[in-house]
């Protein structure tokens with residue numbers, strides 16, 4: 001069985017405060033994009049997970065955790081062979097791992113004939129990570145709470161987006177998301193209106209101004225990383241004025257890049273990977 005595991009971007013990411021369990025209460029407009037990992041999964045007598053990224057340790061792999069969770073929950077005797085071709089960069093703010101977990105969960109539901117409903121799949125996904133429930137359906141959605149509250153949004157139109165992934169910013173930090181959220185204070189809290197404004201302008205996303213794409217981690221990264229702030233300065237020099245951060249970073253999403261930027265020169269200047277992406281459901 002083959003399945004594509006799509007990345008996502010956050011047009012907004014707002015932190016409304018803290019929940020009783022000390023997790024942050026978020027509100028975000030997210031959308032899957034056509035950048036994806038490719039996963040092959042088939043029944044087997046033994047568990048085998050093979051990935052093109054050899055830096056991933058099997059027992060730390062969220063796919064491994066997903067398989068064990070489902071196998072134990074439903075007393076499945078089979079194991080699976082899994083082969084993953086990684087195209088989504090790791091710790092990039094694109095939720096590649098969460099997407100892999102959801103894709104694995106959806107595959108096991110079919111492969112092992114579990115007949116789980118979408119609601120049941122989302123409930124299991126929530127046990128695996130905050131972004132995983134969103135990927136059960138994908139597309140566009142306003143996501144709230146820890147990530148388990150999902151309001152699907154259709155008719156989101158956006159042109160090709162340039163993704164700029166600075167490769168070394170988090171290379172020495174093991175848990176990037178935890179580290180970035182530790183930097184959040186009360187001054188970063190907002191009321192959700194940035195996200196509502198995006199939702200009210202779904203057909204005109206490319207016409208919105210930079211201030212509409214809110215993400216508190218953007219200013220944190222500018223303060224934390226000279227490399228990140230240098231890239232932002234470079235974009236401004238190229239007259240690129242519509243860009244935003246995805247997730248907790250460090251991937252930058254630029255909208256108005258066409259006929260403005262020399263990609264080859266930018267790659268020589270900075271240690272980055274470049275991706276051109278589109279809405280994956282069009």
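Residue numbers (the working numbering): 1 to 282.
Backbone N, C-alpha and C fix where the C-beta goes; we use that ideal spot for every residue, glycine too.
Check: Looking at the strands, I want to know which residues DSSP matches up with residue 277.; Outcome: 161
Check: Per DSSP, what are the beta-bridge partners of residue 41 in this structure?; Outcome: 82
Check: Tell me whether the region 120–132 and the region 35–49 touch, counting them as touching only if at least three CB pairs, one residue from each stretch, are closer than 8 Å.; Outcome: no
Check: Which whole runs of the alpha helix (DSSP H) in the region 114–187 are 4 residues long or more, in chain order?; Outcome: 118–126, 132–137, 176–181
Check: Do three or more CB pairs link the region 168–180 to the region 190–206 at distances below 8 Å?; Outcome: no
Check: Please classify residue 27 as buried or exposed, where buried requires at least 16 neighbouring CB atoms within 10 angstroms.; Outcome: buried
Check: When you compare the region 267–282 with the region 153–165, are there three or more beta-carbon pairs, one atom per stretch, that lie closer than 8 Å?; Outcome: yes
Check: Where residue 210 and residue 141 are concerned, what is the direct C-alpha to C-alpha distance, given to the nearest angstrom?; Outcome: 20 Å
Check: Do residue 51 and residue 105 have their CB atoms nearer than 7 Å?; Outcome: no
Check: Roughly how many angstroms separate the alpha carbons of residue 108 and residue 62, rounded to a whole number?; Outcome: 14 Å
Check: Once DSSP output is grouped into helix, strand and coil, what is the label at residue 33?; Outcome: strand
Check: From which residue to which residue does the alpha helix (DSSP H) around residue 236 run?; Outcome: 226–237
Check: Exposed or buried, which one is residue 218 when buried takes at least 16 other CB atoms within 10 Å?; Outcome: buried
Check: Do residue 39 and residue 280 have their beta-carbon atoms positioned less than 7 Å apart in this structure?; Outcome: no
Check: I'd like the list of long-range same chain contacts for residue 184, defined as Cβ closer than 7 Å, with 5 residues on each side in sequence excluded.; Outcome: 15, 24, 216
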